[in-house]
Amino acid sequence: MAERLPPLTALKAFEAASRLMSFQAAAEELSVTPAALSYQIRQLEDHLGLKLFNRLNRAVELTENGRLIQPGIHEAFEQLHRTMRQLRRRQQTNVLTIAAGPAFTAKWLSPRLYRFIARHPNIDARISASVTKSDLEMDDIDIAIRFGPGEYPGHCSVKLTDEFMTPLCAPSMLEGPNAIRKPEDLQHHTLIHDDTHQGFFVLQTWADWLKAAGVTNVDPGRSGLHFNVADHAIDAAMSGGGVVLGRTSLAEPDIRAGRLVAPFDLRLKTNYSFFIVCLDARRNEPAIEAFRTWVMDEMAGITDTENLPGPAI
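According to our numbering, the residues represented by the sequence shown are 1429 to 1741, in order.
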């Protein structure tokens, strides 16, 4: 015979109180009074025959037994929430939530999405742009484009493109009295630094590129422009504000459109690439397959541009 479980309300009260370590905060989260929450926790303690909290003067703390059961109860509620999200997602078969970094979204994804919608008009695409790596299951993300090493356990990941770093500038900077014709000419121009990756990845810096180019007359540590958003750094270079050591995949649309130029052939390959990622268990879902195929086509230069409205890339 199965063991009789405690009341769900009592378990819910314990989960909130043990996570927030406050009866008051837990009561507010659950929209009950502190007295009602305290009663529900006593119900659980009576059911188990165990004391779970030490009630202090103005605080509470978990007992040894409370600490023992807290992880399991917390995970049980997390799993319940995940299951409910999956159920809602199954009821919205045409909704596809896509996660990508802000710079990739602005520079590569957004200008092309009209072609995906034209190819799949029944899919409702929703973009979630964030610098932090999304948890696909917890954050209700169907598919993501990630920049990283490609190690994603439990996920299906397909490599899209390698990433390179190279100087980029406006075409106008190749002309005039301080025209950029050789790497040493950078001494006359502002160096723009893309610091987006700091704290997340180790990418090459101006010091690395100048050393690889054999340049000794340019100080990479001199005053310049620093941006914590990659597309802002690219836009600053595009406006003629200096020369950015830019990521080629992000700058590709502006290079193709003639808004940016790469004055030198030297490119430094990073240790990271772009990957398209989804949960392994969902890899064959039609909307996910459709988006993955479309992104790979775009990366390969296969575009459905004929008779489509909107800007061409």
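For every residue, glycine included, the Cβ atom is placed at its ideal position computed from N, Cα and C.
Remember, it's a predicted structure, so these values are computed and weren't measured experimentally.
* To do: For G1674, write down the residues that DSSP places opposite it in a beta bridge.
  => Answer by DSSP bridge pairing, in chain order: T1594.
* To do: Whole angstroms is fine: what's the gap from H1660's alpha carbon to E1492's?
  => The alpha-carbon atoms of H1660 and E1492 are separated by roughly 51 angstroms.
* Asked: So, helix, strand or coil for T1533, using DSSP?
  -> T1533: helix per DSSP, three-state reduction.
* Counting Cβ pairs, one atom from each stretch, are 3 or more of them under 8 angstroms apart for the segment 1574-1589 and the segment 1597-1609? -> Judged by Cβ distances under 8 angstroms, the segment 1574-1589 makes no contact with the segment 1597-1609, as fewer than three pairs qualify.
* For V1488, which three-state DSSP category applies? -> Residue state, collapsed to three classes: strand.
* **Distance between D1622 and V1394 (C-alpha atoms, nearest Å)** => What the structure shows of the chain is the stretch from 1429 to 1741, and residue 1394 is not part of that stretch, so it cannot be assessed.
* Take every Cβ of the segment 1674-1681, pair it with every Cβ of the segment 1521-1537, and state whether three or more of those distances are shorter than 8 angstroms. => Touching, yes, given that three or more Cβ pairs across the two stretches are closer than 8 angstroms.
* Look at A1664 and I1620 and say whether their C-beta atoms are less than 8 angstroms apart. => Yes, these two residues count as a Cβ contact at 8 angstroms.
* Unbroken stretches of the alpha helix (DSSP H), 4 residues or longer, contained in the segment 1602-1683 -> For the segment 1602-1683, the continuous alpha helix (DSSP H) assignments of 4+ residues that do not extend past its boundaries occur at 1634-1641, 1658-1666, in sequence order.
* Asked: For D1567 versus L1524, is the C-beta spacing smaller than 8 angstroms?
  -> In terms of Cβ geometry, D1567 and L1524 do not form a close pair [threshold 8 angstroms].
* Using DSSP with H/G/I as helix, E/B as strand and the rest coil, what is K1587? -> K1587 sits in a strand when the DSSP states are folded into three classes.
* Where does G1576 fall in DSSP's three states? -> Residue state, collapsed to three classes: strand.
* To do: Within the segment 1681-1714, note down every full beta strand (DSSP E) run reaching 3 residues or more, in order along the chain.
  => Taken in chain order, the whole beta strand (DSSP E) runs of length 3 or more contained in the segment 1681-1714 are 1696-1707.
* **Cβ neighbours of A1515 in the same chain (closer than 6 angstroms, five flanking residues each side left out)** => It should be noted that the sequence gives Leu, not Ala, for residue 1515. Cβ neighbours of L1515 beyond the five flanking positions: none.
* Asked: What number of angstroms, rounded off, separates the C-alpha of F1629 from the C-alpha of T1698?
  -> Their Cα atoms are separated by approximately 10 angstroms.
* **CA-to-CA distance, A1641 to H1502, given in whole angstroms** => Answer to the nearest angstrom: the Cα atoms are 55 angstroms apart.
* To do: On the DSSP bridge assignment, give the partners of I1551 in chain order.
  => In DSSP, I1551 forms no bridge with anything.
* Asked: Got a sec? Which residues, its chain only, sit under 8 angstroms from L1707 by beta carbon, not counting five neighbours each side?
  -> Closer than 8 angstroms at Cβ, skipping near neighbours: L1564, E1565, G1582, H1583, C1584.
* **Helix, strand or coil at N1493 according to DSSP, with G and I counted as helix** => The answer is helix: DSSP assigns N1493 an H, G or I state.
* Confirm, please, whether the CB-CB distance from G1674 to G1652 is below 8 angstroms. => Against a cut-off of 8 angstroms, the Cβ pair of G1674 and G1652 comes out as no contact.
* Asked: How long is the line joining the alpha carbons of E1591 and N1712, rounded to whole angstroms?
  -> Taking the straight line joining both Cα atoms gives about 27 angstroms.
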